[in-house]
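Protein chains in written order, with the working numbering: chain A, 46 to 238; chain B, 46 to 238.
Note sheet for the following structure.
Protein chains: 2
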Amino acid sequence: MHEVFFKKLNEAISLTGEEEAIFRTYLLPKKLRKKQYILQEGDVCKYSIFVEKGLLRSYTISDKGNDQIVQFAPEGWWISDMYSFITGEPARYNIDALEDAELVLISNPGMEELRKQVPKFLEFSFLQMRNAYIAFERRLSYMVNLTTEEKYTKLVQTSPDIVQRVPQHMIASYLGLTPETLSRARKQMSNRK
Amino acid sequence: MHEVFFKKLNEAISLTGEEEAIFRTYLLPKKLRKKQYILQEGDVCKYSIFVEKGLLRSYTISDKGNDQIVQFAPEGWWISDMYSFITGEPARYNIDALEDAELVLISNPGMEELRKQVPKFLEFSFLQMRNAYIAFERRLSYMVNLTTEEKYTKLVQTSPDIVQRVPQHMIASYLGLTPETLSRARKQMSNRK
DNA sequence: GGTATGCGTTGACATTTATCAATGGTATTT
DNA sequence: AAATACCATTGATAAATGTCAACGCATACC
């Protein structure tokens, strides 16, 4: 149980058996079927979610009804509405499953305890957060500086797996484009080469 | 010396005199004149920069020659090219002073030592990073979902000081707009009200 | 005091992207 | 096996934004 979770953790910080035992008391397993929600906008995000298996996404719905995908989370990734998770404010994001999924949930108090009781986990959390920060910073600059074609090409390079597993209109949403625009850009590209 | 630095730190984690002494051995003060660079694209970002006084910005220059401002850093804020800082790879960003500035620099080894020797600082770094992450995540969704006018209004609400201190074309760059588009949006808004 | 530079605005026009609508194909459901 | 939902593509058109150029104003510089 929770093999992927501990594998990922041990890659970064090797846990002793004792520490692993502490972790286990805070882990909440959960299965999610395709299309099921684990978080809906307006509710409080009570859990930080680790994906053991399957694929989740977080997304917002704007006033005009456009939705934008904030993040995809395949096996081994974390996902949540971080702001809601730490403040208890209503969530801005929806999170649901794009494929049947197995999850590990940890509450915010659980996280705090783990960071306290297992100092290595604080270190881990810091590094995680730093990487997430870098990724978003970069994504922001791509969003502004790249053309439609470049955005798509970049994503294919960096996350070919996601591009394959996810319908194209969701890729468009993630890139901040309409499905039509992405479709046309892809056609342009294939005509040229 | 370094009053703002320790004030900010003590707001979050109260340091003992001993801990403060440890910090002081890793701090490198530096003054920067308006328009001077502290980091240029292609160089390695050797320091994490805390702004005691003045105003810095980080920005990228794209292939097409457009520049985009990634971040403004007024007093009390941190700035760096995080990726370059931790990996030693060449920086993607330029960082320069928009106003005469006084800085506190810490190297990456310095940071690592401080996180080790002062565990509270690791906690602090984690929380910092988490906030920075949330800010960028939000900014990304604003970038995609908001109209030009909404982007500007939102920035005026959240950072009125920055909007006042910085030329308008830099605000436009930060928001991912051309100066012309921002100028016209502002005119629209003032006509309406 | 005069010149150069930086900045915001405006106009005309080009380009990109979004929107709306229709179609055909594929997968899913019953 | 038929019906339904989902999805990618395409065309026509509208809307938003970028680009290029010119101007006026203020400030900094010599």
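Don't be surprised by glycine CBs; every beta carbon is placed ideally from N, CA and C.
Taking DSSP's pairing of strands, which residues face residue i in a bridge?
i, result
"B:Val149", "B:Pro74, B:Phe95"
"A:Gln113", "A:Thr105"
"A:Ala118", "A:Leu101"
"B:Tyr82", "B:Asp141"
"B:Ile124", "B:Ile94"
"A:Pro135", "A:Val89"
Using a Cβ-Cβ cut-off of 7 Å, state whether residue i counts as contacting chain B.
i, result
"A:Ala177", "yes"
"A:Ser125", "no"
"A:Asn139", "no"
"A:Glu182", "yes"
"A:Met234", "no"
"A:Phe68", "no"
"A:Met174", "yes"
"A:Phe171", "yes"
"A:Asn55", "no"
Please say whether residue j and residue i have beta carbons closer to each other than 7 Å?
i, j, result
"B:Ser125", "B:Ser93", "yes"
"A:Gly121", "A:Lys76", "no"
"B:Phe95", "B:Trp123", "yes"
"B:Arg160", "A:Met174", "no"
"B:Leu185", "A:Leu185", "yes"
"A:Asp145", "A:Arg78", "yes"
"A:Ala57", "A:Cys90", "no"
"A:Glu195", "A:Met234", "no"
"A:Gly221", "A:Met188", "yes"
"A:Lys98", "A:Glu147", "yes"
"A:Tyr138", "B:Ala177", "no"
"A:Ile67", "A:Gln162", "yes"
"B:Phe117", "B:Ile207", "yes"
"B:Pro205", "B:His214", "no"
"A:Phe169", "B:Ser170", "no"
Determine, using beta carbons only, whether residue i comes closer than 7 Å to chain A.
i, result
"B:Tyr92", "no"
"B:Tyr187", "no"
Just mark residue i as buried or exposed, buried being the case when its beta carbon has 16 or more other beta carbons within 10 Å.
i, result
"A:Val201", "exposed"
"A:Thr105", "buried"
"B:Gln81", "exposed"
"B:Leu73", "exposed"
"B:Pro119", "buried"
"A:Gln85", "exposed"
"A:Gln113", "buried"
"B:Glu182", "buried"
"A:Asn55", "exposed"
"B:Ser107", "exposed"
"B:Ser59", "exposed"
"B:Met127", "buried"
Using a Cβ-Cβ cutoff of 9 Å, what residues of the segment 143 to 169 of chain B are near chain A? List them in chain order.
Arg160, Pro164, Leu167, Glu168
Near-chain B residues of the segment 95 to 121 of chain A (beta-carbon distance less than 7 Å), N- to C-terminal order
Thr105, Ser107, Asn111, Gln113, Val115
What are the residues of the segment 71 to 85 of chain B that lie near chain A, defined by any Cβ-Cβ distance shorter than 7 Å?
Against chain A - using a Cβ distance shorter than 7 Å - the segment 71 to 85 of chain B contributes no residues.
Using a Cβ-Cβ cut-off of less than 8 Å, give me the residues of the segment 197 to 224 of chain A that come near chain B, in sequence order.
Cβ contacts with chain B come from Gly221.
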